[in-house]
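Below is one structure, written out as structure tokens, with a few remarks after it.
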Amino acid sequence: MKRPTTALKISALDRYRVPILDRTLDLLELLTSKPQALTLTELTEALKMPKNSIFRIATTLTLRGYAERDEDTKAYRASRKLLSLGHAAVGGQRLVEAAAPVLSSLRDASGETALLGTLAGNHGVVLDQVPSPLPVKVVVEIGHAFPLHTAAPAKAILAHLGPDKQREFIKQIRFTKYTPKTITSAKAYLSELAEVKARGYALDRGEESETFACVAAPVFDHRGHPVAAIWISGPSDRVRPAAFHRMGEMVKRHAGELSRALGCPSNA
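Numbered by my numbering, the letters in the sequence shown go through residues 17 to 284 in order.
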């Protein structure tokens, strides 16, 4: 049986592989797949590489601004520079620019902090925000990673992926219980995603922290593919269950506006 032409080409190219670049990319992929920072020991154990090599690569990435090192814990995480580089490569800068006026409008309409985010590996990441004008508000760092099983924006995006893609993401989820309201099984999560798709918006009902709640809706690109989500986040005494539907419809309208700005077909 003949080997596929593509496989032959890849095999022929193997002799041009640069080992140190391979190791660097392995390290970057690991850093971007984890929401938490990783110590040198954790990196070494995960990558099965010499600690000295990991240290030199991580130090170089830190000096170039693609990784950050916590001086107290000595742990590394991917930086906002790396995040912006990746999103620029797939047109992410256009997404952030197109979202800016929509987020401002959503903040004004809701009174709560309005945010933009997307998926990155086995977690989500915040791309931009417009803080609430109220003295008590939710404000997060750009680049902040959020769990897939608790966060409304992650649910909003995943609900509109195909079943195979959904399963790929769900396999990566560790259903850590943060509050009594946290979803803790794949079965319950799939049921939640079906409800999200049916109503068009997703909720975080205090599933990561009981002090705040979120309402999110998906953003679609020109192919009708869910590439991001926008959401509002606020203290749970303001973003209350009685207001979820009203807020959900509001967020949906703004997400639709951003989707149209990205060229999304009207029937998507």
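From the three backbone atoms N, C-alpha and C, an ideal C-beta is built for every residue, glycine too.
*asked:* Which complete beta strand (DSSP E) runs does the stretch 49-95 hold, if anything under 3 residues is left out?
replied: 83-85, 91-94, all fully within the stretch 49-95.
*Which residue from Pro117, Ser249, Gln52 puts its Cα closest to that of lysine 90?*
Selection Pro117, Ser249, Gln52 evaluated against lysine 90 yields Gln52 as nearest (Cα-Cα).
_What residue range does the alpha helix (DSSP H) around alanine 172 cover?_
168-174 is the span of the alpha helix (DSSP H), which, as asked, contains alanine 172.
*How many angstroms separate the CA atom of lysine 268 from the CA atom of proline 66?*
Here the alpha carbon of lysine 268 sits roughly 49 Å from the alpha carbon of proline 66.
_Environment of isoleucine 173 [buried if 16+ CB atoms lie within 10 Å]_ = That one is buried.
*Can you list, in chain order, the residues of its chain whose CB lies under 8 Å from that of leucine 122, leaving out five sequence neighbours each side?*
Cβ neighbours of leucine 122 beyond the five flanking positions: Ala130, Val146, Ile246, Ile248, Met266, Val267, His270.
*So, using beta-carbon positions, are threonine 195 and glycine 222 closer together than 8 Å?*
Here threonine 195 is near glycine 222, since their CB atoms are less than 8 Å apart.
*In or out: isoleucine 36 buried (at least 16 other Cβ within 10 Å) or exposed?*
It counts as exposed.
*Should proline 242 be labelled buried (16 or more other beta-carbon atoms within 10 Å of its own) or exposed?*
So proline 242 ends up on the buried side.
*Rounded to a whole number of angstroms, what is the C-alpha to C-alpha distance between alanine 170 and glutamine 188?*
In a straight line, the C-alpha of alanine 170 is about 13 Å away from that of glutamine 188.
*With DSSP run on the structure shown, which of helix, strand or coil describes threonine 227?*
In the three-state scheme derived from DSSP, where H, G and I count as helix and E and B as strand, threonine 227 is classed as coil.
*Just mark alanine 204 as buried or exposed, buried being the case when its beta carbon has 16 or more other beta carbons within 10 Å.*
With fewer than 16 neighbouring CB atoms inside 10 Å of its own CB, alanine 204 falls in the exposed class.
_If you measure between the beta carbons of phenylalanine 71 and leucine 54, is that distance less than 8 Å?_
The answer is no: Cβ separation not under 8 Å.
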